[in-house]
Amino acid sequence: MMASMTSDDRAAWEAEYAEARLRDVDFETMSGIPVDPIHGPGPYPGQYPYTRGIHASMYRSRLWTMRMFAGFGTAHDTNLRFKDILANGGTGLSTAFDMPTLMGRDSDHEWSVGEVGKAGVAIDTVDDMRDLFADIDLGEVSTSMTINGPAAIVMAMYVAVAEANGVPRSKLAGTIQNDVLKEYQAQKEYIFAPRPSMRLVTDMMRFTAAEMPRWNPVSISGYHIREAGSTAAQELAFTLANGFAYVEAAVASGLPIDDFAPRLSFFFNSHLDFFEEIGKYRAARRIWAQWMKERYGATNERSLLMRFHTQTAGVSLTAQQPEINIARVAIQALAGVLGGTQSLHTDSYDEAHALPSEKAARIALRTQQIIAHETGVTNVADPLGGSAYVEWMTDEMEKRAEEVFEHLLELGDGSMLEGVYEGIENGYFVGEIADSAYRFERSVNSGRRIIVGVNDFTDGDDADGSNLLYIDAGVEQEQLGRLGAVRQNRDSDLVARCLDSLAADAAEPDVNLMPGFIDAVEAHATEGEIVSTLEGVFGTYTEKAIV
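Heads up: the sequence shown begins at 755 in the working numbering, then just goes up one per residue.
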């Protein structure tokens, strides 16, 4: 019950809880036992430092956003999948782009051969973005886009399409990942060196702070750090260090902290060590709130609230006996919910073989719906709070993260931004992740760590391939035809003027490039042409060999 609360804490919590708009459900067990909204010791959900959740009522008021990740083939192909997700109860869209788009290359670039539409949707021009969201009301649907190096260009396309459809940029809600620091640490989809790349990030932060109040301009991502082989503690520490680096960069660019910090968001992995994951999320909220208040001087409460998206661990999915991935995903998703996530993506069971089939994607969404509506875990905010093990794990996660922060601050002479830059350049992040990945693989290969279906319990059926999603080779030819038609029908002189103007602006550090990107994409400049223009000013980045 709520008897463990002090009178002052209880009064403060009850006042915030009373303001929440609760869902029209019965908060009781299957046996009909009424369930109080909070149990265990304070501070309570919605109270600093938010270890137990950022809202007093948590899922009693509103469920997390069920944001399914999708993208393959042409924009038209993915548009159909988006509509299927929405028709089946999805409440947010998350876009996966193909490798050429992620690397800032057009579909007709020599590097793109064989990759067009394979690992995500191909987006070359604003025309593709228009088709991607055809017949979807961008003023009503929250959209997430997972792209980093050329994120500002893709964001410009999204704004241009919305406004052409009568939706002002001020009404757009969603997130673009735009977390370029983790690219150098883990995912490696960078284009420019860290410092000019950071300029693009802060330009978007300044632009959205002024003109897009409902948009999250950076989703600081631990997901890819974890997928590359880090531990949960490293994922936590490296992600928050990157977050603090973005804060310092934005402040240095002239933005007051409370003008942008409320719109920062995070993206975490949910792996299979159930309680470790829950402790990671709880520690992340606490660390973020404390650092934002005590180190960076944020005074707006919303600047202290860590809002995060969770995705189940793609790297944990096995090609062997793929149906058992459904159980893995359910456990990981439950950890995300018990950890207090604001949105969730559940992986499809067939992703170790191919992009998700329609059936597998629907099962993944239904998994979230079962957790939300059948298990009762949404009746209580932070239901595991007060557990000796969970509280110890939370403290241990925080302790290990603070040790990493101390090291990075030492590297940066007191600046987290400079410490992160130095950690990228001297191979610290890459080395730490590689060592962790190596230790994990040794434990699997030796049999000390069991992976069901891989190194034990191997009797079972593998995928027969008949229901997998395959991207036909004709997709690339179709996309090349679309791109060629755009090039032929546009005003080439206008495109050239826009690109020349962008080059001039890029050479001036104080000029925000977002308006120029919007002008260029509206003129039907391609993503690759805009990236090439920036490369002429910023150069490109090659990772140093670390011995």
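By construction, the Cβ of each residue, glycine as well, lies at the ideal position given by its N, Cα and C atoms.
It should be emphasised that the depicted structure is a prediction, and the values quoted were computed from it without experimental measurement.
>> On the DSSP letters alone, give me the boundaries of the alpha helix (DSSP H) that PHE1028 sits inside.
In response: Counting along the chain, the alpha helix (DSSP H) containing PHE1028 begins and ends at 1028-1048.
> Across which residues does DSSP place PRO788 in a beta bridge pair?
Replying inline: Residue pairing of PRO788 in beta bridges, as defined by DSSP: GLU782.
>> I'd like to confirm the pairing. Which residues does DSSP put opposite MET812 in its beta bridges?
In response: Answer is none; MET812 lacks a bridge partner.
> Alpha carbon to alpha carbon, how far is GLU943 from ALA905?
Replying inline: Using only the alpha carbons, I get a separation of about 11 Å.
> Once you ignore the five residues that flank LEU1171 on each side, which residues in its own chain have a CB closer than 7 Å to its CB?
Replying inline: ALA999, GLU1002, ALA1003
>> Judging by CA-CA distance, which residue of ALA963, VAL875, ALA927, SER1097 is the nearest neighbour of PRO1010?
In response: ALA963
> Assuming SER1019 contacts SER973 under a Cβ cut-off of 8 Å, what Cβ separation, rounded to an integer in Å, is found between them?
Replying inline: 5 Å
>> Is it buried or exposed, LYS1153, if we count other Cβ atoms within 10 angstroms and call 16 or more buried?
In response: Counting Cβ neighbours within 10 Å, LYS1153 comes out exposed, since fewer than 16 surround it.
> What does DSSP give as the partner residues of GLY827 in its beta bridges?
Replying inline: Residue pairing by DSSP places GLY827 opposite VAL875 in a beta bridge.
> Since ILE901 and ILE930 are thought to touch, with beta carbons under 8 Å apart, how far apart are those beta carbons, to the nearest angstrom?
Replying inline: 7 Å
> Roughly how many angstroms separate the alpha carbons of ASP878 and GLU782, rounded to a whole number?
Replying inline: 51 Å
>> What does DSSP give as the partner residue(s) for LEU847 in the beta ladder?
In response: In DSSP, LEU847 forms a bridge with MET822, THR897.
>> Under DSSP, the alpha helix (DSSP H) around HIS1127 begins and ends at which residues?
In response: Taken as a continuous stretch (DSSP letters only), the alpha helix (DSSP H) holding HIS1127 covers 1112-1128.
> So what does THR929 bridge to, in DSSP terms?
Replying inline: SER898, ASN970
> Are PRO803 and ARG949 closer than 7 Å when you measure CB to CB?
Replying inline: no
>> On the CB-based measure, 16 or more other CB atoms within 10 Å of its CB, does ALA987 come out buried or exposed?
In response: buried
>> According to DSSP, GLN1065 sits in a beta bridge with which residue or residues?
In response: ASN1023, HIS1099
> Using the beta-carbon count (16 or more within 10 Å), is PRO854 buried or exposed?
Replying inline: In the assembly as shown, PRO854 is a buried residue. Its beta-carbon has 16 or more other beta-carbons within 10 Å.
>> Please identify the residue among SER811, ARG1193, GLN801, SER848 whose C-alpha is closest to the C-alpha of PHE823.
In response: SER848
> Should ASP1264 be labelled buried (16 or more other beta-carbon atoms within 10 Å of its own) or exposed?
Replying inline: So ASP1264 ends up on the exposed side.
> Can you name the residues that DSSP bridges to VAL1206?
Replying inline: ASP1210
>> Comparing C-alpha positions only, which one of VAL913, ILE787, THR805, PHE826 sits nearest to PRO1269?
In response: PRO1269 has its Cα closest to that of VAL913, out of VAL913, ILE787, THR805, PHE826.
> Between the region 1280-1287 and the region 917-924, are three or more C-beta pairs nearer than 8 Å?
Replying inline: no
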